[in-house]
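In our numbering, the protein residues as written are 33 to 237. Each residue gets a CB set at the ideal place from its N, CA and C atoms; glycine is no exception. As the structure is a prediction and not an experimental result, all values here were calculated from the model.
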Ligand SMILES: C[S@@+](CC[C@H](N)C(=O)[O-])C[C@H]1O[C@@H](n2cnc3c(N)ncnc32)[C@H](O)[C@@H]1O
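As structure tokens, this is what we get:
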């Protein structure tokens with residue numbers, strides 16, 4: 033595996049319990065409400081980089097959606113299996129999603145794209161476009177500033193990678209996914225740009 037991704041995978045394997053214990057300090061209720069209001073009751077949702085499955089995968093399941101979670105950290109996924117056993121939880125790399133075209137009505141990636149090496153972001157959005165149905169909905173949070181580097185996170189080595197907001201939004205648009213809403217939110221102590229966007233197929237980008 034790519035060295036940068038391996039830092040992230042090993043990092044989350046090491047800090048899975050600490051991260052889960054800290055996760056409740058991020059209240060995503062507002063974005064969940066907005067995202068879910070656009071979805072039909074029987075929607076099938078992918079949580080890409082689902083982590084320990086709380087709160088988002090579990091809340092999506094409680095709202096009645098079919099939830100599929102993907103994460104490449106075995107220890108995060110083990111916690112997710114306890115938190116949301118009803119979800120289909122798959123160990124895998126979200127930059128290599130093997131799902132069929134048009135598999136999902138919705139897709140969320142919360143605090144996970146910021147860990148993907150940015151040279152892979154354009155192809156990541158293209159794969160989201162491919163596996164989302166036409167009209168499918170995407171909720172992601174992006175970093176606000178262009179930055180790539182490593183630091184220590186809960187005592188583990190960690191890697192982060194972000195484009196400028198302008199470039200990131202252009203990539204989303206180029207993939208055929210169009211913004212419905214976008215806003216900076218400070219949740220917990222972290223500031224991210226949250227977007228809800230709709231997938232468009234069969235029409236000019
Ligand atoms: C900050 S945590 C967020 C977890 C969850 N989305 C949440 O909101 O709590 C980032 C998660 O993304 C996962 N992740 C990062 N890069 C990944 C990749 N390339 N493939 C699969 N999972 C990845 C990590 O293992 C970790 O569980």
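Any heavy atom of ligand 1 closer than 6 Å to the Cβ of residue 142?
-> For the purposes of this step, residue 142 is taken as residue 110 along the chain shown, with counting starting at 1. Checking the Cβ of residue 142 against ligand 1 gives yes.
Does the Cβ of residue 37 lie closer than 6 Å to at least one heavy atom of ligand 1?
-> Numbered from its first residue, the chain shown carries residue 37 at position 5. With a cut-off of 6 Å, the C-beta of residue 37 is classified as near ligand 1, since at least one heavy atom of the ligand falls inside that distance.
Leaving out five residues on either side along the sequence, give the residues of the same chain with a beta carbon under 6 Å from the beta carbon of residue 75.
-> The sequence position of residue 75 within the chain shown is 43, counting from 1. Here the set comprises 97, 137 and 138.
Answer yes or no: do residue 150 and residue 39 have a C-beta to C-beta separation smaller than 7 Å?
-> Residue mapping note: residue 150 aligns to position 118 of the chain shown, counting from 1. Residue mapping note: residue 39 aligns to position 7 of the chain shown, counting from 1. Contact: no.
Which parts of the region 188–230 are runs of the alpha helix (DSSP H), unbroken and 4 residues or longer, counting only runs that do not cross its ends?
-> Restricted to the region 188–230, the alpha helix (DSSP H) segments that are unbroken, complete and at least 4 residues in length are 197–206, listed in chain order.
Boundaries (first-last residue) of the beta strand (DSSP E) holding residue 76 = Along the chain shown, one-based indexing puts residue 76 at 44. It spans 76–80 - the beta strand (DSSP E) in which residue 76 sits, taken as one unbroken run.
Roughly how many angstroms separate the alpha carbons of residue 54 and residue 61, rounded to a whole number?
-> For the purposes of this step, residue 54 is taken as residue 22 along the chain shown, with counting starting at 1. For the purposes of this step, residue 61 is taken as residue 29 along the chain shown, with counting starting at 1. Within the model, the alpha-carbon separation for residue 54 versus residue 61 is close to 16 Å.
Compute the distance between the beta-carbons of residue 180 and residue 193, then report whether it is under 7 Å.
-> Indexing the chain shown from 1 puts residue 180 at position 148. Indexing the chain shown from 1 puts residue 193 at position 161. Judged by beta-carbon spacing, residue 193 lies within the 7 Å limit of residue 180, meaning their Cβ atoms are closer than that value.
Apply the 10 Å Cβ neighbour rule to residue 175 and answer buried if 16 or more other Cβ atoms are within range, or exposed otherwise.
-> One-based indexing of the chain shown puts residue 175 at position 143. Burial call: buried.
Heavy atom of ligand 3 less than 6 Å from the Cβ of residue 147, yes or no?
-> Within the structure as shown, ligand 3 is missing, the only ligands being ligand 1.
Kindly indicate which three-state DSSP category residue 86 falls into: helix, strand or coil?
-> Indexing the chain shown from 1 puts residue 86 at position 54. In the three-state reduction of the DSSP assignment, residue 86 falls in the coil class.
Cα-Cα separation between residue 220 and residue 58, rounded to whole angstroms = As a position in the chain shown, residue 220 is number 188, starting the count at 1. As a position in the chain shown, residue 58 is number 26, starting the count at 1. Here the alpha carbons of residue 58 and residue 220 stand approximately 4 Å from one another.
Would you mind reading off the limits of the alpha helix (DSSP H) that contains residue 165?
-> Residue mapping note: residue 165 aligns to position 133 of the chain shown, counting from 1. Counting along the chain, residue 165 falls outside any alpha helix (DSSP H), though it belongs to the beta strand (DSSP E) covering 164–174.
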